[in-house]
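With positions in the sequence shown counted from 1, the corresponding number in the UniProt record's numbering is that position plus 180.
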Amino acid sequence: TKAGVLQNLKVLISAGPTREYLDPVRFITNRSSGKMGYALATAALRAGAQVSLVSGPVNQPAPMGVEIVFVETAAEMYDAVLAQADHSDIYIGAAAVADYSPVAVEKTKIKKQAEQTSLILQKTKDILADVALLSNAPFTVGFAAETNDLEAYAQEKLYKKNVGMIAANWVGREQGGFDSEQNAFEIFWHNGRTSLPMTDKNQLAEQLISIIATKFNEKNRV
Ligand code: C5P
């Protein structure tokens with residue numbers, strides 16, 4: 181990334197998984213190392229931005245110079261992101277937010293009883309979609325990890341959630357994705373697309389930040 185392409189801009193990034201508790205000792209989560217979000221924070225900082233990170237539980241070193249708010253649940257992440265979104269220029273939703281959480285969180289440990297059991301789940305609030313709906317919305321970037329029909333789902337997200345850009349990646353292929361050091365993106369915005377081939381996540385973050393800066397600056401700093 182060219183130094184300074186995000187100078188004087190506030191970039192808010194969400195990263196890592198969320199935990200949706202069933203009881204004090206159990207939770208539902210998503211597979212996510214947080215590596216991509218943290219690499220994006222570092223790349224945005226190098227591009228001159230003031231960077232805030234809202235992070236789920238991860239094992240990543242805190243990038244120096246980045247302000248981090250740690251959260252656990254999707255509801256906590258929602259509140260932490262919405263508290264900063266309206267005074268941010270760019271929001272990058274790189275967190276693997278749980279789509280559903282248990283309707284009831286038991287106060288005591290659930291005991292083993294019947295042979296079969298079931299969980300009642302409810303949808304979590306969509307952080308990215310709600311940020312994009314703000315009257316004073318930042319430029320929004322979302323992610324899409326798909327096993328099939330990648331372009332169709334990415335395009336649908338772009339329009340349904342009304343976000344500025346979607347970075348989509350294949351999952352369940354040989355390389356890239358979850359715990360991997362590497363990934364590749366198909367990037368979509370309203371009138372165009374580009375591909376970032378398989379590379380190290382730090383490299384990929386630099387490239388994605390540079391594309392985001394170009395789009396943001398085209399729109400807002402002509
Ligand atoms: O629709 P889907 O969940 O696949 O969209 C993924 C994108 O939406 C990611 O950028 C993710 O961080 C964001 N998301 C969110 N809040 C949710 C679910 C997903 O911000 N509750």
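We treat Cβ as the ideally placed atom computed from N, Cα and C, and that holds for glycine. Quick caveat: nothing in here was measured; it's all calculated off a predicted structure.
Look at K305: its beta carbon is less than 7 Å from one of the heavy atoms in the ligand C5P. At the C-beta level, G372 and I346 stay beyond 8 Å of one another. Annotation for M216: the continuous alpha helix (DSSP H) segment containing it runs K215 to R226. Rounded to whole angstroms, the Cβ separation of A274 and K381 is 11 Å, and the two are not in contact under 8 Å. T320 and V311 do touch by the CB rule: their CB atoms are close to 6 Å apart, below 8 Å. Taking C-beta atoms as the reference points, I193 and A278 fail to come closer than 8 Å. Less than 8 Å divides the Cβ of G236 from the Cβ of A195. In this structure, S194 has its beta carbon less than 7 Å from a heavy atom of the ligand C5P. Using a C-beta cut-off of 8 Å, the stretch 197–214 makes contact with the stretch 240–259, since at least three inter-stretch Cβ pairs fall below that distance.
Where M345 is concerned, the enclosing beta strand (DSSP E) starts and stops at M345 to W350.
Boundaries for N239: no alpha helix (DSSP H) harbours it, and the DSSP string shows neither H nor E there. DSSP, reduced to helix, strand and coil, places S375 within a strand of the structure shown. About 5 Å separates the beta carbon of L330 from that of A348, a gap short enough to meet the 8 Å contact definition.
The ligand C5P has a heavy atom closer than 7 Å to the beta-carbon of A324. Secondary structure of E331 (DSSP, three-state): helix. Within the model, the alpha-carbon separation for A254 versus R199 is close to 7 Å.
Where I307 is concerned, the enclosing alpha helix (DSSP H) starts and stops at I307 to L313.
Each of F368, H267 and P318 was checked against the Cα of A324, and the nearest Cα belongs to F368.
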